[in-house]
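Protein chains in written order, with our numbering: chain A, 2 to 596; chain B, 2 to 596.
Here a beta-carbon is modelled for each residue, glycine too, at the ideal position from N, C-alpha and C.
This report concerns only the one structure given below.
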């Protein structure tokens with residue numbers, strides 16, 4: 002069965018249409034160089050004018066004082082206007098037309114500045130078209146590197162209602178998987194020793210704010226805690242306990258939308274003159290308004306409204322001040338591009354070493370647009386590659402290696418890309434491979450030997466699976482992949498031990514986190530890459546085939562650090578020139594380089 | 002009915018496949034910067050490695066001494082090898098994969114050098130793939146600007162068998178349009194006064210070499226003249242007469258293939274050990290060999306063979322020495338890319354002010370690859386745009402203007418792009434518009450008010466049309482568009498006078514050839530652009546509609562220089578703010594700029 006990850010780009014037809022729309026429009030697409038401007042750096046902005054647009058004049062309107070840039074036809078009403086210069090014309094064979102680019106350079110700014118801008122193209126009839134449907138863009142000028150701890154993190158995603166009841170409590174027994182199972186913040190606090198023992202150091206909690214649902218992605222108050230899950234003092238307790246054990250905690254934050262039950266939305270519905278009406282984008286008050294993908298119960302917040310924006314920014318600051326260590330940002334492509342510059346300023350100024358990464362279920366070019374606004378994005382492209390290669394066998398080693406080499410080269414070094422095999426919105430990896438743990442361990446070995454910080458979706462490490470495809474769940478929601486955590490005897494201790502070893506090795510061997518990765522073998526079902534750091538060389542070797550494979554590995558290797566198949570551990574110190582791998586097996590080899 | 006110009010890229014499906022093949026391959030595509038290196042300029046070469054190719058190492062092998070570069074895996078057997086450097090990774094949404102680029106800089110060379118090179122990519126399995134199916138590339142380092150006369154030229158394409166019989170002779174009456182009508186070189190010489198009077202200054206003759214066909218694109222000897230058409234002394238006479246009247250003559254040269262009756266091919270067929278076997282690419286001697294688009298009677302010449310290449314180069318030099326002024330190069334995308342550097346050197350060294358342009362029936366990116374190798378290419382993209390807009394009304398003014406503005410920006414200023422409305426391979430423009438001369442004059446007004454040198458296909462200026470669609474012709478050949486020239490009373494003297502005026506104005510008004518063109522109006526069926534040069538401003542104004550149109554033209558205009566509708570000439574000195582244009586009518590306006 003096909004995964005369905007990139008919903009709006011899932012088919013070739015959708016991709017073709019997406020490209021056609023882009024190449025026929027007037028777009029900026031956050032093409033800003035550098036994307037993450039440092040103090041004293043000038044910034045190049047690029048505008049792309051698609052086929053069939055006669056345009057010889059393009060403009061940028063911009064401010065550096067925080068206010069919105071306003072203007073028309075090259076005349077600024079607020080801030081400044083600058084003419085953009087033609088910077089190139091390309092022929093596009095599919096559109097059978099030319100694409101033009103325009104560029105302009107904005108002057109360097111001091112640290113702390115937010116530069117806001119809009120771009121436009123004017124046609125010979127004098128019609129001015131603003132890029133990306135009139136979007137406001139912005140960037141935050143600062144020296145705010147990715148926190149060091151984020152580079153080394155191993156993340157554990159906790160679906161709060163499904164992880165652990167409070168001490169002394171049992172799971173609830175809802176009638177459907179969409180009901181409440183009774184997981185709580187105190188339940189998490191109670192399991193910190195388990196998590197420490199596993200070795201993870203960062204917990205990402207799904208939303209904890211008041212909400213009518215089991216998942217919480219439809220909050221009614223961003224300044225409180227859902228009573229089913231606990232209280233502010235429970236969160237305080239969890240934070241204190243976690244921090245004392247060296248664990249950090251990230252909250253899940255949804256700036257794009259919230260519940261229709263949110264009091265501001267109810268006020269907007271009841272009174273056309275309510276100031277809250279402008280917190281939303283009503284196309285016909287009170288029954289037509291912008292939403293999250295057409296779901297009427299999830300109204301989209303109008304972040305161009307100053308009060309609504311400030312409300313969201315205040316909430317983000319509030320929980321950082323409360324003590325949390327960062328955010329996973331739900332549906333980060335939803336909010337207007339300029340919102341994120343404000344978000345960046347507020348989060349970094351409130352907690353300089355906080356970690357923020359987005360959920361952007363789009364290809365790399367859309368993800369990299371967040372460089373400088375968030376610390377990074379969850380790596381959906383790698384997710385697809387890992388599942389296609391290790392779960393489904395649809396990509397061979399050559400294709401995976403070609404992807405991976407370039408995927409790593411595409412992104413800036415300081416763009417954080419947490420890696421994952423599954424999450425709460427899709428079929429669990431383990432279920433997708435028919436509960437074949439060999440294929441899970443193979444994928445995990447790859448995940449944990451790449452530089453990006455790995456995420457474990459709760460329960461994966463102990464064999465938690467599901468009963469049916471998520472698309473057969475109620476209301477189309479993927480509750481099937483959110484079954485309660487396994488505890489006690491229900492845990493698969495062999496798999497758990499494998500994950501413990503993976504994490505331990507990741508801590509021990511810095512080459513896994515910061516080594517230079519080099520693809521060594523990528524032929525049919527055989528994949529191997531090496532990782533160098535200082536005097537250590539590691540090699541991750543994979544057999545993607547259902548048949549055993551003999552792999553020729555150049556050089557002599559001192560040890561097998563880890564094997565997905567326990568039998569391989571019995572091998573003596575390895576002359577790996579004739580490494581024999583069982584079906585769907587992989588090893589991590591090590592040698593000390595003689596200096 | 003659809004035009005079918007870009008055969009291999011005529012449909013969206015073909016374009017998609019073309020793009021897919023390119024983006025999945027290892028290609029150079031003549032991405033060389035600068036494309037036309039001058040003495041002392043270093044040259045950047047780019048290699049594109051498509052999706053699914055794991056490649057971290059790319060090489061260039063090159064020579065500057067004329068010999069072929071040879072080597073493998075970074076080790077040169079002839080010349081030098083240089084490692085290319087990764088220069089970027091792009092995400093491609095349609096291929097759903099990454100595309101990598103590599104670059105290398107070759108050192109500057111002195112004038113007269115031919116640099117030859119090949120590029121390759123090596124995968125982790127050690128397999129080396131040479132770019133573009135192993136093609137050899139080359140460039141000729143020189144200061145050899147486009148000849149000045151070529152910038153000002155007005156070209157007349159003569160299909161030799163169909164233009165004029167020798168003096169005192171009548172047309173022959175073949176049974177089909179694929180037969181011989183009896184046009185000759187002396188016939189052309191006899192009509193030089195007609196051509197001078199028309200105003201053209203450059204004649205392009207379709208092939209004059211011995212050949213079994215009426216068209217001559219299947220020669221049997223590149224060093225002689227087809228007896229039906231005349232003799233060397235006839236060509237000498239024609240050249241002398243033409244030159245004495247200020248007319249230049251271009252021959253049509255086919256370096257890619259010739260007739261199966263060519264003696265070298267016959268020798269190759271008869272003896273497997275003949276040295277001529279290697280003048281062709283036999284895939285299975287003697288019955289399978291590379292051809293021009295699968296036509297067995299047109300074997301492709303193996304220009305990688307030194308003797309075959311020299312034979313072609315000698316022929317090109319021979320006729321330049323004989324006195325011709327340049328070449329139109331048939332199917333210029335056929336020969337290997339490095340052939341053209343030799344061709345450039347030989348033609349420029351033999352006759353420094355010769356003019357060479359290619360027939361490359363491909364989009365702009367393929368055409369511009371000839372920059373520095375030929376002086377330019379026949380402008381098939383503009384051909385399509387002119388026909389879609391002025392003949393068929395499928396493009397509105399906005400689309401045409403968007404195309405034209407960028408088409409002109411895309412090409413280097415010194416890349417010659419002779420413009421045309423039709424040629425001997427397609428339906429005549431006039432027939433395509435149901436012999437509606439309004440639409441022909443409208444398109445011609447546009448053609449002659451653009452900077453590119455215009456080509457008139459013989460007979461267009463006197464209303465020569467055809468009887469049926471070329472695709473209904475015998476053997477699929479477009480003989481229908483090659484009917485005999487009209488002479489005497491059969492000529493449309495009104496149309497002829499219009500063309501005479503167009504050409505006269507083009508000579509008088511330098512703004513038409515070297516002015517700065519600026520799109521003024523591009524709305525629905527209304528198109529206008531201005532042309533500035535020194536103290537003169539011209540405006541070409543078009544009504545593409547079948548209804549009259551009122552056009553608001555800013556500014557006051559002193560005169561209508563030319564109108565496609567004779568009635569418009571009756572207008573007094575124009576206050577063009579309310580220019581009333583009949584259906585499918587256009588005007589050329591002038592004002593002197595007050596300084």
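{"Query": "Just mark residue 372 of chain B as buried or exposed, buried being the case when its beta carbon has 16 or more other beta carbons within 10 Å.", "Result": "buried"}
{"Query": "Mind listing the chain A neighbours of residue 99 of chain B? Cutoff is C-beta to C-beta under 9 Å, in chain order.", "Result": "365, 403, 404, 406, 407, 408, 410, 411"}
{"Query": "For the region 23 to 56 of chain A, which residues have a beta carbon sitting closer than 8 Å to at least one beta carbon of chain B?", "Result": "52, 53, 54, 55, 56"}
{"Query": "Do residue 388 of chain A and residue 585 of chain A count as a contact pair if the criterion is CB distance below 8 Å?", "Result": "no"}
{"Query": "Would you list, in chain order, the members of the region 501 to 525 of chain B that have their beta-carbon closer than 7 Å to a beta-carbon of chain A?", "Result": "520, 521, 522, 523, 524"}
{"Query": "Could you please give the first and the last residue of the uninterrupted alpha helix (DSSP H) stretch that includes residue 340 of chain B?", "Result": "338 to 351"}
{"Query": "Apart from the five residues just before and just after residue 415 of chain A, which ones in its own chain have a Cβ nearer than 6 Å to its Cβ?", "Result": "147"}
{"Query": "Does residue 579 of chain A pass the burial test, meaning 16 or more other C-beta atoms within 10 Å, or should it be called exposed?", "Result": "exposed"}
{"Query": "For the beta strand (DSSP E) containing residue 243 of chain A, list its first residue and its last residue.", "Result": "Looking at the DSSP string, residue 243 of chain A is not in any beta strand (DSSP E); the run it does join, the alpha helix (DSSP H), is 233 to 245."}
{"Query": "Which residue or residues does DSSP assign as beta-bridge partners of residue 615 of chain A?", "Result": "Residue 615 of chain A is absent from the model: chain A starts at 2 and stops at 596."}
{"Query": "Pop quiz: residue 187 of chain B and residue 241 of chain B are said to be a contact at Cβ under 8 Å. What is the actual Cβ separation, rounded to whole angstroms?", "Result": "Incorrect: roughly 12 Å between the Cβ atoms, too far for contact."}
{"Query": "Should residue 18 of chain B go down as buried or exposed, given a rule of 16 or more other Cβ atoms within 10 Å for buried?", "Result": "exposed"}
{"Query": "Quick one: does residue 555 of chain B have its CB under 8 Å from some CB of chain A?", "Result": "no"}
{"Query": "Please state the DSSP three-state secondary structure of residue 265 of chain A.", "Result": "helix"}
{"Query": "Could you tell me the alpha carbon to alpha carbon distance between residue 502 of chain B and residue 593 of chain B, rounded to whole angstroms?", "Result": "20 Å"}
{"Query": "Assign residue 135 of chain B to one of three DSSP states: helix, strand, or coil.", "Result": "helix"}
{"Query": "Does DSSP classify residue 300 of chain A as helix, strand or coil?", "Result": "strand"}
{"Query": "Of all the alpha helix (DSSP H) runs that stay within the bounds of the region 132 to 184 of chain A, which reach a length of 4 or more residues?", "Result": "132 to 135, 149 to 153"}
{"Query": "Quick check: the Cα distance between residue 100 of chain A and residue 87 of chain A, rounded to an integer number of angstroms?", "Result": "11 Å"}
{"Query": "What does residue 92 of chain A touch in chain B if you count any residue whose Cβ is under 8 Å from its own?", "Result": "364, 365, 366, 411"}
{"Query": "CB residue 524 of chain A to CB residue 122 of chain B, shorter than 8 Å?", "Result": "no"}
{"Query": "Buried or exposed: residue 76 of chain A, going by 16 or more other Cβ atoms within 10 Å of its Cβ?", "Result": "exposed"}
{"Query": "From the DSSP output, in three-state form, read off residue 80 of chain B for me.", "Result": "coil"}
{"Query": "Quick one: measure Cβ to Cβ for residue 136 of chain B and residue 42 of chain B, integer angstroms, because I've assumed they're closer than 8 Å.", "Result": "No, residue 136 of chain B and residue 42 of chain B are not in contact; Cβ-Cβ is about 23 Å, not under 8 Å."}
{"Query": "For residue 259 of chain B, which option in B:177, B:210, B:279 has the closest C-alpha, if you only look at C-alpha atoms?", "Result": "B:210"}
{"Query": "For residue 7 of chain B, does the three-state DSSP call read helix, strand or coil?", "Result": "coil"}
{"Query": "Identify the contact partners of residue 19 of chain B in chain A, using a Cβ-Cβ distance below 8 Å as the criterion.", "Result": "94"}
{"Query": "Thinking C-alpha only, which one of B:184, B:158, B:159, B:154 is nearest residue 165 of chain B?", "Result": "B:184"}
{"Query": "For residue 301 of chain A, collect the residues of the same chain with a Cβ closer than 8 Å to its Cβ; drop the 5 residues on either side in sequence, then sort them by chain order.", "Result": "257, 258, 281, 282, 290, 291, 292, 293, 335"}
{"Query": "Determine which residues of the region 103 to 135 of chain A have a Cβ less than 7 Å from any Cβ of chain B, and write them out in chain order.", "Result": "125, 126"}
{"Query": "Below 8 Å on the Cβ atoms is my contact criterion, and I expect residue 348 of chain B with residue 321 of chain B to pass it. Report the Cβ-Cβ distance as a whole number of Å.", "Result": "6 Å"}
{"Query": "Can you pull the chain B neighbours of residue 399 of chain A, defined as C-beta to C-beta under 9 Å?", "Result": "53, 54, 55, 124, 125, 126"}
{"Query": "Could you spell out the range, first to last residue, of the beta strand (DSSP E) harbouring residue 327 of chain B?", "Result": "327 to 330"}
{"Query": "Can you give the Cα-Cα distance for residue 583 of chain B and residue 567 of chain B, rounded to whole angstroms?", "Result": "11 Å"}
{"Query": "Who are residue 63 of chain A's beta bridge partners in DSSP?", "Result": "A:81, A:118"}
{"Query": "Report yes if the C-beta distance between residue 14 of chain B and residue 458 of chain B is below 8 Å; otherwise report no.", "Result": "no"}
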